[in-house]
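Chemist: The structure is given below, and queries will be raised subsequently.
There are 2 protein chains.
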Amino acid sequence: MKHKGKTNPPGRIKIMRSFSALMVQKDFHSITTAQIAKNAQVTEGLIYKYFKDKKDLLYQVLNEHFFEFQAKIENRIANEKTYIEQLEVIIFSSLESYADNRIFSKILLLEVRNSLEFFNSCAYEMVRKYSRTILDIIEKGVEAGELRPDLDPYILRKVILGAIEHACLGEIIFGKELDIDDVATGISEIVFNGAKA
Amino acid sequence: MKHKGKTNPPGRIKIMRSFSALMVQKDFHSITTAQIAKNAQVTEGLIYKYFKDKKDLLYQVLNEHFFEFQAKIENRIANEKTYIEQLEVIIFSSLESYADNRIFSKILLLEVRNSLEFFNSCAYEMVRKYSRTILDIIEKGVEAGELRPDLDPYILRKVILGAIEHACLGEIIFGKELDIDDVATGISEIVFNGAKA
DNA sequence: TTTTGTAAGTAAGTGTTACTTACCAAATCG
DNA sequence: CGATTTGGTAAGTAACACTTACTTACAAAA
Chain P
27 MKHKGKTNPP GRIKIMRSFS ALMVQKDFHS ITTAQIAKNA QVTEGLIYKY
77 FKDKKDLLYQ VLNEHFFEFQ AKIENRIANE KTYIEQLEVI IFSSLESYAD
127 NRIFSKILLL EVRNSLEFFN SCAYEMVRKY SRTILDIIEK GVEAGELRPD
177 LDPYILRKVI LGAIEHACLG EIIFGKELDI DDVATGISEI VFNGAKA
Chain U
27 MKHKGKTNPP GRIKIMRSFS ALMVQKDFHS ITTAQIAKNA QVTEGLIYKY
77 FKDKKDLLYQ VLNEHFFEFQ AKIENRIANE KTYIEQLEVI IFSSLESYAD
127 NRIFSKILLL EVRNSLEFFN SCAYEMVRKY SRTILDIIEK GVEAGELRPD
177 LDPYILRKVI LGAIEHACLG EIIFGKELDI DDVATGISEI VFNGAKA
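Chains P and U, in that order, are what the protein sequence lines are.
Count along the first sequence starting at 1, add 26, and that's the number in this note's numbering.
Count along the second sequence starting at 1, add 26, and that's the number in this note's numbering.
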């Protein structure tokens with residue numbers, strides 16, 4: 027039987043919540059469908075009514091969290107005047123969002139990337155949108171003369187995204203605390219003004 | 027029966043080769059022990075004579091490739107005079123090594139990080155060593171006045187490592203070609219001179 | 001030369017796991 | 001009302017990672 031997904035029945039919600047809770051404790055592969063079901067107080071079969079497979083459940087949980095992430099950032103960007111300030115907001119807000127939402131971060135940065143299916147999921151569409159936003163700002167920044175004209179916007183994006191993601195890794199993996207203000211301004215300083223004395 | 031791992035019997039080599047070959051085609055989890063064994067022309071049981079489990083096989087393959095990676099980089103650093111040049115060499119060589127050795131990159135950047143076991147493996151010890159080398163150079167660079175005195179060495183390291191890793195992702199995941207020279211000089215330009223006009 | 005120990009490899013399991021099929025009961029709606 | 005859809009269950013099944021018990025080969029010690 028196919029579900030069109032228009033409603034959001036309690037079973038479905040319970041499954042997603044159960045899965046999210048388990049993701050805090052262990053990695054995706056060591057979570058079993060039996061555990062998810064038991065924890066959600068439903069039968070294993072119900073998982074497959076709402077989700078194509080275990081990975082689909084992962085992607086949908088990720089997707090749900092993505093809305094928060096993106097909404098918060100886009101609101102904040104609107105308040106900034108210069109393109110550099112906008113990028114600084116992105117760096118700060120991304121770090122903050124990753125820190126506030128460990129399950130989201132863990133899924134996005136550590137769990138989904140190893141399987142190609144993800145890149146056809148709608149969760150990945152949101153990654154691309156976010157990524158595109160950054161590129162747009164960089165390109166406008168170059169046009170406006172805020173950023174160096176010889177700059178490759180794609181490479182600057184790589185540096186910014188890479189720095190953000192790498193900064194979160196220790197936090198996600200080992201549960202280390204991160205001083206977001208320090209790290210955000212540190213990254214911005216290096217990226218915009220350079221590390222050279 | 028326990029193996030002390032002093033010798034390197036043909037069966038063990040065949041298993042590792044078989045696994046490496048399969049890793050080119052698919053992701054870790056969709057490779058089965060049956061396939062590994064069949065491909066290596068040994069029985070499934072033999073895998074467990076030489077490797078604790080499937081993940082241990084993954085870590086050991088990673089570890090083997092790590093030697094190449096590290097040896098190449100350390101030789102090259104020795105030839106550079108300034109600390110900034112050393113860091114530039116690291117950026118270039120890392121990109122090059124990742125590009126030359128996709129299985130290694132795929133395992134290190136996409137497969138091992140999601141499970142905590144990895145961080146107790148000896149492969150992770152090598153990551154730390156590599157990471158430590160970068161930090162040392164940065165600290166010396168600050169002392170020598172090449173890099174800004176107010177710089178947080180840990181954050182610069184995050185930016186460099188993050189940029190390198192992120193730059194490789196597209197390549198690893200989608201098999202895109204990467205112009206290493208362009209990307210390496212692009213990253214260096216941004217990191218050392220800044221993106222600001 | 002026989003004994004002994006052990007490394008290399010095999011064959012045939014076993015318990016779990018993700019996922020399927022068939023069914024039920026209660027809403028929903030033409 | 002009767003038909004269909006929705007939310008949910010129970011009992012499977014094939015495939016998987018991993019184990020156990022065994023065989024052969026062979027080198028060093030007795």
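From the three backbone atoms N, C-alpha and C, an ideal C-beta is built for every residue, glycine too.
Tell me whether P/R183 is buried or exposed, calling it buried when 16 or more other Cβ atoms sit within 10 Å of its Cβ.
Modeler: Your numbering for residue 183 of chain P matches position 157 in the first sequence. With 16 or more other Cβ atoms within 10 Å, it is buried.
Chemist: Which residues, in order along the stretch 186-208 of chain P, keep a beta-carbon less than 8 angstroms from a beta-carbon of chain U?
Modeler: From the stretch 186-208 of chain P, only L187, G188, A189, I190, E191, H192, A193, L195, I199, F200, D208 have a Cβ closer than 8 angstroms to chain U.
Chemist: P/V168: buried (16+ other C-beta within 10 angstroms of its C-beta) or exposed?
Modeler: Working through the first sequence from its first residue, we reach residue 168 of chain P at position 142. The residue is buried, with at least 16 neighbouring Cβ atoms inside 10 Å.
Chemist: Given that P/V153 touches chain U, what residues does it touch there, using C-beta distances under 9 angstroms?
Modeler: Within the first sequence, residue 153 of chain P is the residue found at index 127, counting from 1. Those within 9 angstroms of P/V153 in chain U number zero; the least Cβ separation is about 11 angstroms.
Chemist: Which residues in the same chain have their Cβ closer than 6 angstroms to the Cβ of P/S120, if we skip the five residues on either side of it in sequence?
Modeler: Translated into the one-based positions of the first sequence, residue 120 of chain P becomes position 94. Cβ neighbours of P/S120 beyond the five flanking positions: I190.
Chemist: Below 7 angstroms on C-beta distance, what does U/N101 contact in chain P?
Modeler: Position 75 of the second sequence holds residue 101 of chain U. Residues of chain P passing the Cβ test: none, with the nearest at roughly 25 angstroms.
Chemist: Please confirm if the stretch 89-99 of chain P is in contact with the stretch 65-76 of chain P, defined as three or more CB-CB distances below 8 angstroms between the two stretches.
Modeler: Segments in contact, no.
Chemist: Kindly indicate which residue of P/I110, P/E143, P/D176 has the alpha-carbon position closest to the one of P/I160.
Modeler: Along the first sequence, read from residue 1 onward, the residue named residue 160 of chain P stands at position 134. Considering only alpha carbons, the answer is P/I110.
Chemist: Would you mind reading off the limits of the alpha helix (DSSP H) that contains P/G71?
Modeler: For the purposes of this step, residue 71 of chain P is taken as the residue at position 45 of the first sequence. Its alpha helix (DSSP H) spans residues 70-76.
Chemist: Rounding to the nearest angstrom, what Cα-Cα distance links P/V217 and P/E172 in this structure?
Modeler: For the purposes of this step, residue 217 of chain P is identified with residue 191 of the first sequence, where counting begins at 1. For the purposes of this step, residue 172 of chain P is identified with residue 146 of the first sequence, where counting begins at 1. Cα to Cα, the separation comes out at about 13 angstroms.
Chemist: Between which two residues does the alpha helix (DSSP H) harbouring U/R38 extend?
Modeler: One-based indexing of the second sequence puts residue 38 of chain U at position 12. 36-51 is the extent of the alpha helix (DSSP H) around U/R38.
Chemist: Cβ of P/H55 less than 9 angstroms from any chain U Cβ?
Modeler: Working through the first sequence from its first residue, we reach residue 55 of chain P at position 29. Answer yes: the Cβ-Cβ gap between P/H55 and chain U drops below 9 angstroms somewhere.
Chemist: Under the three-state reduction of DSSP, which class applies to U/K184: helix, strand or coil?
Modeler: In the second sequence, counting from the first residue as 1, residue 184 of chain U sits at position 158. In the structure shown, U/K184 sits in a helix (DSSP, three-state: H, G or I).
Chemist: Step through the CB atoms of chain U and report whether any lies within less than 9 angstroms of the CB of P/R139.
Modeler: Walking along the first sequence from the start, residue 139 of chain P turns up at place 113. Output row for P/R139: interface = yes.
Chemist: From the beta carbon of U/N146, is the nearest beta carbon of chain P less than 9 angstroms away?
Modeler: Looking up residue 146 of chain U in the second sequence gives position 120. Cβ-Cβ to chain P under 9 angstroms: no for U/N146.
Chemist: Distance, Cα to Cα, U/K64 vs U/P36?
Modeler: For the purposes of this step, residue 64 of chain U is taken as residue 38 along the second sequence, with counting starting at 1. For the purposes of this step, residue 36 of chain U is taken as residue 10 along the second sequence, with counting starting at 1. If I take the Cα positions, the gap works out to 15 angstroms.
Chemist: Determine the burial state of U/C194: buried for a count of at least 16 other Cβ atoms within 10 Å of its Cβ, exposed for fewer.
Modeler: Residue mapping note: residue 194 of chain U aligns to position 168 of the second sequence, counting from 1. Buried.
Chemist: Name, in chain order, the residues that DSSP records as bridge partners for U/K222.
Modeler: Here residue 222 of chain U corresponds to residue number 196 of the second sequence, with the count starting at 1. Paired residue(s): P/L173.
Chemist: For the candidate residues P/F95, P/T108, P/E106, whose alpha-carbon lies nearest to that of P/A149?
Modeler: Numbered from 1 along the first sequence, position 123 holds the residue referred to as residue 149 of chain P. Ranking P/F95, P/T108, P/E106 by Cα distance to P/A149 puts P/F95 first.
Chemist: Could you give the first and the last residue of the continuous alpha helix (DSSP H) run that contains P/L134?
Modeler: Walking along the first sequence from the start, residue 134 of chain P turns up at place 108. Counting along the chain, P/L134 falls outside any alpha helix (DSSP H), and DSSP gives it neither H nor E.
Chemist: Where does U/A104 sit, in a helix, a strand or coil, going by DSSP?
Modeler: The count along the second sequence starts at 1 and reaches residue 104 of chain U at position 78. Coil at U/A104, not helix or strand.
Chemist: Are U/L177 and P/A210 close, meaning C-beta to C-beta below 9 angstroms?
Modeler: Along the second sequence, one-based indexing puts residue 177 of chain U at 151. Along the first sequence, one-based indexing puts residue 210 of chain P at 184. Not a contact, by the Cβ cut-off of 9 angstroms.
Chemist: Relative to the alpha-carbon of U/R38, which residue among U/I62, U/N219, U/F130 has its alpha-carbon at the smallest distance?
Modeler: Position 12 of the second sequence, counted from the start, is the residue given in the question as residue 38 of chain U. Nearest option by C-alpha distance: U/I62.
Chemist: P/F218 touches chain U at which residues, Cβ-Cβ below 8 angstroms?
Modeler: As a working mapping, residue 218 of chain P is identified with position 192 in the first sequence. Per Cβ cutoff of 8 angstroms: G220, A221, K222.
Chemist: Run down chain P in chain order and give the residues with a C-beta less than 7 angstroms from the C-beta of U/K184.
Modeler: Residue 184 of chain U sits at position 158 when you count from the first residue of the second sequence. In chain order: A189, H192, A193.
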